[in-house]
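Q: Structure in structure tokens, see below.
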Amino acid sequence: MATLSGKSILVTGASSGIGRAIATALLAQGASVFGMCRRIGKVPDGVTPISCDFRQPERIAHAFEILDAACPQLDALVNSAGVAYLSRLTDGDPADWAEMWEVNVLGLAFCNQEALKRFPSTGGRIVNISSLSGHRVPPTGGFYAPTKFAVRAMTESLRNEFRLDGSPHQISSVSPGFVDTPLVDGYFKDREEELAQMKSSMRMLDPEDVSQTVLHILQAPPHLEIGDITLRSSDQKV
Ligand SMILES: NC(=O)c1ccc[n+]([C@@H]2O[C@H](COP(=O)([O-])OP(=O)(O)OC[C@H]3O[C@@H](n4cnc5c(N)ncnc54)[C@H](OP(=O)(O)O)[C@@H]3O)[C@@H](O)[C@H]2O)c1
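So the sequence shown is residues 93 to 330, counted in my numbering.
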């Protein structure tokens, strides 16, 4: 892909945190950026908002039809929408599990499928925002870590399907450790002491650390497919 100027790129979760930083970085590279989320008033200026709640799968196809009206061909998709709750398997709330599964796993899979229908025959690119929790299970992994292991597995499955089908599309994932976004506060909801302890023990990554990594992937030349990039604060111990 090399230059992103003039490319049409859809970013899910563009209203907050990492997705918002990615959308901003892509705009600065001259891309046409579309942002899919519920709080469309929060996408950066210059991003075309598309409303969608990933907990309603039937709405996802409709949201892509709205995208079609503004964007005849999609060059890349960045899946950043996600939710994280520290919800244990022993005593967590199954409603939290359902939301994490629907948004982090099913929503991402549906978006990938819809985006593929719109990629050019010469090849498009997908970047899934996964997590270090998709590589190792931290003590607080609960039900969140399994959803991120699923993202990593889906990334590999889709890559296998592309190669089996002789498809030119490429897929990558980025797996950050703690990043300073509202998601972290929600993760430690009702555990203020643990949150304060974590924040005082480390400098978290900034969303821009992740967005620069996504730019690196999307700007790679066509012969180079980057698999997964892990990144964490140098303070983060696990
Ligand atoms: N922050 C971290 O420490 C960290 C570490 C590793 C991986 N990650 C991953 O990075 C990604 C982005 O997280 P973040 O830290 O940027 O979190 P964030 O600031 O809370 O942003 C989450 C985004 O997901 C969207 N979203 C959530 N539920 C949705 C739904 N039902 N339908 C549509 N969109 C929905 C939100 O948009 P609306 O609310 O507007 O719908 C928002 O834009 C997630 O996949 C997360 O798992 C984060």
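Ideal Cβ placement from N, Cα and C applies to all residues, glycine included.
1) What do you reckon, is the C-beta of Cys129 under 7 Å from a heavy atom of ligand 1?
2) What are the uninterrupted segments assigned as alpha helix (DSSP H) that are 4 or more residues long and contained completely in the segment 137-216, given in chain order?
3) Arg255 to Glu284, Cα distance in whole Å?
4) Quick one, which of Thr116, Gly233, Val195, Asn204 has its alpha-carbon nearest Val168's?
5) Can Phe146 and Val195 be called in contact, C-beta distance under 8 Å?
6) Closest to Ala162 by C-alpha separation, out of Glu286, Ser100, Gln148, His261, would be which residue?
7) With a threshold of 7 Å on Cβ separation, who are the neighbours of Ala94 within its own chain once the five nearest residues in sequence on each side are excluded?
8) From Asp160, Leu200, Ala237, pick the residue whose C-alpha is nearest to that of Asp188; which is it?
9) Run the proximity test for Asp188: is its beta-carbon closer than 7 Å to any non-hydrogen atom belonging to ligand 1?
10) Use the C-beta contact count for Arg131: other C-beta atoms within 10 angstroms, 16 or more gives buried, fewer gives exposed.
11) With DSSP as the reference, label Leu96 as helix, strand or coil.
12) Nearest CA to the CA of Gln328: which residue from Gly278, Gln289, Glu317, Arg180?
13) Are there any heavy atoms of ligand 1 lying less than 7 Å away from the beta-carbon of Cys203, as far as the coordinates show?
14) Considering only DSSP beta bridges, list what Val229 is partnered with.
15) Name the residue from Asp320, Leu178, Ala113, Phe211 whose alpha carbon lies nearest to the alpha carbon of Phe156.
16) Do Pro141 and Ala115 have their beta-carbon atoms positioned less than 8 Å apart in this structure?
17) In the segment 220-302, which residue ranges form an unbroken beta strand (DSSP E) of at least 3 residues, counting only runs that do not cross its ends?
18) I need the straight-line Cα distance from Val139 to Met128, nearest angstrom please.
19) Confirm the yes/no value for this check: CB of Val271, any heavy atom of ligand 1, distance under 7 Å.
A: Well, looking at it:
1) Within the cutoff, so yes.
2) The segment 137-216 is shown to contain whole alpha helix (DSSP H) runs of 4 or more residues at 149-162, 186-192, 200-208, in chain order.
3) So the two alpha carbons sit approximately 46 Å from each other.
4) Looking at the sequence shown, residue 168 is not Val but Ala. For Ala168, the closest of Thr116, Gly233, Val195, Asn204 by C-alpha to C-alpha distance is Asn204.
5) Contact flag set, yes.
6) Residue nearest to Ala162 within the set Glu286, Ser100, Gln148, His261 is Ser100 (criterion: CA-CA distance).
7) By the criterion of a C-beta distance shorter than 7 Å, Ala94 is surrounded in its chain by Gln311, Pro313, once the five residues flanking it on both sides are discounted.
8) If we check each option's Cα against that of Asp188, Ala237 comes out closest.
9) Flag unset: Cβ of Asp188 not near ligand 1.
10) Taking a 10 Å sphere around the C-beta of Arg131, we find fewer than 16 other C-beta atoms and assign the residue as exposed.
11) Assignment of Leu96 by DSSP, reduced to helix, strand and coil, places it in the coil class.
12) For Gln328, the nearest C-alpha among the options comes from Gln289.
13) For Cys203, the shortest separation between its Cβ and any heavy atom of ligand 1 does not lie below 7 Å.
14) Val229 is not bridged to any residue.
15) Of the candidates Asp320, Leu178, Ala113, Phe211, the residue whose Cα lies closest to the Cα of Phe156 is Phe211.
16) No, the Cβ-Cβ distance between Ala115 and Pro141 is not below 8 Å.
17) Correct list: 262-268.
18) Rounded to the nearest angstrom, the two C-alpha atoms are 10 Å apart.
19) Under cutoff, so the answer is yes.
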